[in-house]
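Chains A and B, in that order, give the protein sequences.
Residue 246 in my numbering sits at position 246 of the first sequence, with consecutive numbering throughout.
Heads up, my numbering is the position in the second sequence plus 375, with the first residue counted as 1.
For each residue, glycine too, the CB sits at the ideal point set by N, CA and C.
Please read the structure below before turning to the comments.
Number of protein chains: 2
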Amino acid sequence: MQSKGRADGPPSIVEVARAAGVSTATAGRVLGGYGQSSAASRVKVEEAARRLGYRPNGLARSLIHGSTQTIGVIVTDIGNSFFAQAVRGIADVVRAGGFEMLLANTDSDPDAEQRAIQVMWEKRADGVIIAPEGPDSAERLRTLVDGGLPVVLLDRPLTALPQVDQVLVNNTACARSAVNHLTGLGHRRIAVVSEASGDFSRLLAHPAAGDGERPSAARLAGYLSALQRAGIRPDPDLAVHSPYDRAAAERATARLLRRDPSVTALFCTDNILTSGALAAVQRSGRACPEDISLVGFDDQDWTTLVRPQLTVVRQPHRELGAAAAEQLLARLHARRTGDGPADDEAVHLRLQAKLIRRASTAPAPAPAPAPANRT
Amino acid sequence: MQSKGRADGPPSIVEVARAAGVSTATAGRVLGGYGQSSAASRVKVEEAARRLGYRPNGLARSLIHGSTQTIGVIVTDIGNSFFAQAVRGIADVVRAGGFEMLLANTDSDPDAEQRAIQVMWEKRADGVIIAPEGPDSAERLRTLVDGGLPVVLLDRPLTALPQVDQVLVNNTACARSAVNHLTGLGHRRIAVVSEASGDFSRLLAHPAAGDGERPSAARLAGYLSALQRAGIRPDPDLAVHSPYDRAAAERATARLLRRDPSVTALFCTDNILTSGALAAVQRSGRACPEDISLVGFDDQDWTTLVRPQLTVVRQPHRELGAAAAEQLLARLHARRTGDGPADDEAVHLRLQAKLIRRASTAPAPAPAPAPANRT
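What follows is the structure, encoded as structure tokens:
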């Protein structure tokens, strides 16, 4: 009777009731925190529960109260510092709101994402924050959205789900200002290192696509529009394609630098691509910023430890996660109290990513002679 | 009757049963996946459930089957790349094993940790992987341990809970080999940048403490033992104390370098302290490695992007998380099948962190003249 834990499994309500000398129904009401029970039974049941090591049952309580106080979070790579920081931001807000976090990592695999979405649904998460792996994620999310579960898109929009809240950064605008900075320094042969280089022609034909695109494509669109604004014809040969992998980005950038000595600047559209491209520049024998300027993406700790210190686009990582969590909690609050955003009005938040100018960008080197107004 | 979702709440088993023309008990058996039911009822119930948008109830199923297929993970800072990588390793193994992950971030706050442990208990996690915030975590974990819930300590041991599985790295040994490397290069004034510098005297008096300590203290113990082995008397003035904060580590290291020109080498016991100490060296005007050698901790992406490339102790981050998850799944498997580690035998795994020699360490500069065997 006194046995605790593993041998016989945790004590049940039946055992607690027997030990307390009350009915199972009474023990259930006391331990489940619902219905009515006398003070005397409460004392007896609680004392017996403590003595037997009864494990309070959050699941049963959730079934009764209809809320699990759990937020589902689905990201593509928790090992990437961008998502690690964003999830930290989510964790802080969620915890302060009295919620827990069920985290799934999809590794950008559609099946894993399907399964993660299913799990959030079955575990009755009160809402879900997701960085979708691609456009097909919209179809996968329909079960949640149609079922009325609040969903917030983190970092990546889904045009097929305009009714869903989203928290992104101003990807096109910040990329445009990064490339404006380079054209302003006189660079005309500016390469881009991007996971979305395959979308070069499509984006060139539809320059307005911009922020409806996934981050890499939205940033590529910003690059294209900055070039066009400066009167530079975008050259597909300068769009270096690389998956999110440092070694691959290094190889792809190295190939470009060997092949095309006219390139004087690089714009990288992601933190992993930045580290690969920088490694390629370092090995190329070309000096940064004298021979080649570099603008990185994401202001990681190390961008001020390398020499030259990197000019970067700084994304508010942690704030992005925090804003997504706040939006989700606001939805849940609104549903409970009627106070807050209406169910049929999607909230689309854009946080500002900004260019931070440091030493890795400098005026374009000769042979582009300066205008003839010097003596 | 056809209403889905939000307005009236999700459809209940009662509504599905009514629509299918079967009893509630039958609908419950079909949808809960337990007990017996005829093929005809199954078809009718499943069709009605689909039509009404019934949400399968993972919670109820968990109550019946006794497993939530959920692993609780508690870390101190998911934003730190060490934990981000370790959690990535956990996520990969947990997902492959058909489990989900409930993640809590404590920010090293005892109250937050207490709450996280309570949540894992109430949500009926099948097991918990935790990086405890400190020695007092042992008391907090007793509810889980006494209740028979499998727990695996990640990265940090708890001497008060020797019966609990743990997966750590060989902190003392790898720190010793880092400092051996420096003494081998002729350095004698070797400073350490550590969060555990307050334990200097205690560890000096009990050199055998080592791996029972938290990582920072175990690494400091390794530093002390390497010095003593080389016949160098440890000097408390060379133990730079800093919390886990880059700016604080930079300030503390800068103070040391200003105060003590005799220092020719630095050993950093953590990735954040490494970036702070490196920034301080860069600003000090002392050349690395000519004037000062530096050994960092954790082989982050950027350690080969800075110049000189950093000599570091490389921890197997992701493998550490993966090993902890594998150990936990092995426990769960053993309990279910009797096949695997016995309940009363704790498994203490030590993964190997290793010194990677690069360009930031070099022979100690004069005035320590080289042995007189040169012509």
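Cβ-based neighbour list, residue i, same chain, cut-off 8 angstroms, excluding 5 preceding and 5 following
i: residue 346 (chain A); result: 162, 163, 164, 165, 166
i: residue 356 (chain A); result: 299, 311, 312, 313, 314
i: residue 691 (chain B); result: 544, 726, 727, 728
i: residue 717 (chain B); result: 709
i: residue 622 (chain B); result: 651
i: residue 99 (chain A); result: 69, 70, 71, 126, 329
In DSSP terms, what residue i is bridged to
i: residue 272 (chain A); result: DSSP, once it has assigned bridges, lists no residue as partnering residue 272 (chain A).
i: residue 541 (chain B); result: B:528, B:723
i: residue 729 (chain B); result: B:689
i: residue 477 (chain B); result: A:102, B:447
i: residue 568 (chain B); result: B:615, B:643
i: residue 672 (chain B); result: B:688
DSSP state of residue i mapped onto helix, strand, coil
i: residue 332 (chain A); result: helix
i: residue 84 (chain A); result: helix
i: residue 392 (chain B); result: helix
i: residue 292 (chain A); result: coil
i: residue 504 (chain B); result: strand
i: residue 398 (chain B); result: coil
i: residue 279 (chain A); result: helix
i: residue 306 (chain A); result: coil
i: residue 598 (chain B); result: helix
i: residue 181 (chain A); result: helix
i: residue 465 (chain B); result: helix
i: residue 137 (chain A); result: helix
i: residue 361 (chain A); result: coil
i: residue 712 (chain B); result: helix
Contact set for residue i: own chain, Cβ-Cβ below 7 angstroms, skip 5 residues either direction
i: residue 637 (chain B); result: 564
i: residue 288 (chain A); result: 281, 294, 308, 360
i: residue 15 (chain A); result: 52
i: residue 303 (chain A); result: 296, 309, 310, 312
i: residue 176 (chain A); result: 222, 225, 226
i: residue 424 (chain B); result: 391, 406
Distance, residue j Cα to residue i Cα
i: residue 665 (chain B); j: residue 156 (chain A); result: 47 angstroms
i: residue 520 (chain B); j: residue 123 (chain A); result: 25 angstroms
i: residue 476 (chain B); j: residue 90 (chain A); result: 15 angstroms
i: residue 270 (chain A); j: residue 249 (chain A); result: 10 angstroms
i: residue 567 (chain B); j: residue 727 (chain B); result: 21 angstroms
i: residue 801 (chain B); j: residue 457 (chain B); result: This structure leaves residue 801 (chain B) out entirely; chain B is present only between 376 and 750.
i: residue 544 (chain B); j: residue 594 (chain B); result: 10 angstroms
i: residue 405 (chain B); j: residue 225 (chain A); result: 57 angstroms
i: residue 535 (chain B); j: residue 513 (chain B); result: 6 angstroms
i: residue 23 (chain A); j: residue 54 (chain A); result: 16 angstroms
i: residue 606 (chain B); j: residue 696 (chain B); result: 37 angstroms
i: residue 70 (chain A); j: residue 704 (chain B); result: 23 angstroms
i: residue 327 (chain A); j: residue 152 (chain A); result: 7 angstroms
i: residue 628 (chain B); j: residue 181 (chain A); result: 35 angstroms
i: residue 243 (chain A); j: residue 186 (chain A); result: 29 angstroms
i: residue 614 (chain B); j: residue 268 (chain A); result: 40 angstroms
i: residue 366 (chain A); j: residue 178 (chain A); result: 21 angstroms
i: residue 37 (chain A); j: residue 19 (chain A); result: 17 angstroms
i: residue 44 (chain A); j: residue 21 (chain A); result: 8 angstroms
i: residue 74 (chain A); j: residue 487 (chain B); result: 23 angstroms
i: residue 639 (chain B); j: residue 681 (chain B); result: 20 angstroms
i: residue 416 (chain B); j: residue 387 (chain B); result: 17 angstroms
i: residue 173 (chain A); j: residue 318 (chain A); result: 20 angstroms
i: residue 364 (chain A); j: residue 257 (chain A); result: 16 angstroms
i: residue 654 (chain B); j: residue 358 (chain A); result: 16 angstroms
i: residue 194 (chain A); j: residue 215 (chain A); result: 10 angstroms
i: residue 403 (chain B); j: residue 147 (chain A); result: 20 angstroms
i: residue 455 (chain B); j: residue 78 (chain A); result: 11 angstroms
i: residue 699 (chain B); j: residue 245 (chain A); result: 26 angstroms
i: residue 228 (chain A); j: residue 292 (chain A); result: 21 angstroms
i: residue 211 (chain A); j: residue 266 (chain A); result: 22 angstroms
6 angstroms CB neighbourhood of residue i in its chain, flanking five on each side removed
i: residue 495 (chain B); result: 447, 503
i: residue 301 (chain A); result: none
i: residue 67 (chain A); result: 126
i: residue 76 (chain A); result: 106, 108, 131, 133
i: residue 571 (chain B); result: 591, 592, 595
i: residue 611 (chain B); result: 575
**Request:** Count the CB pairs spanning the segment 510–520 of chain B and the segment 461–471 of chain B that are closer than 8 angstroms, and state whether there are at least three.
**Result:** no
**Message:** Can you confirm whether the segment 573–583 of chain B touches the segment 642–658 of chain B when touching is taken to mean that 3 or more C-beta pairs between the two stretches lie within less than 8 angstroms?
**Reply:** Short answer: they don't touch.
**Asked** Any contact of the segment 500–509 of chain B with the segment 476–486 of chain B, i.e. 3+ C-beta pairs under 8 angstroms?
**Response** yes
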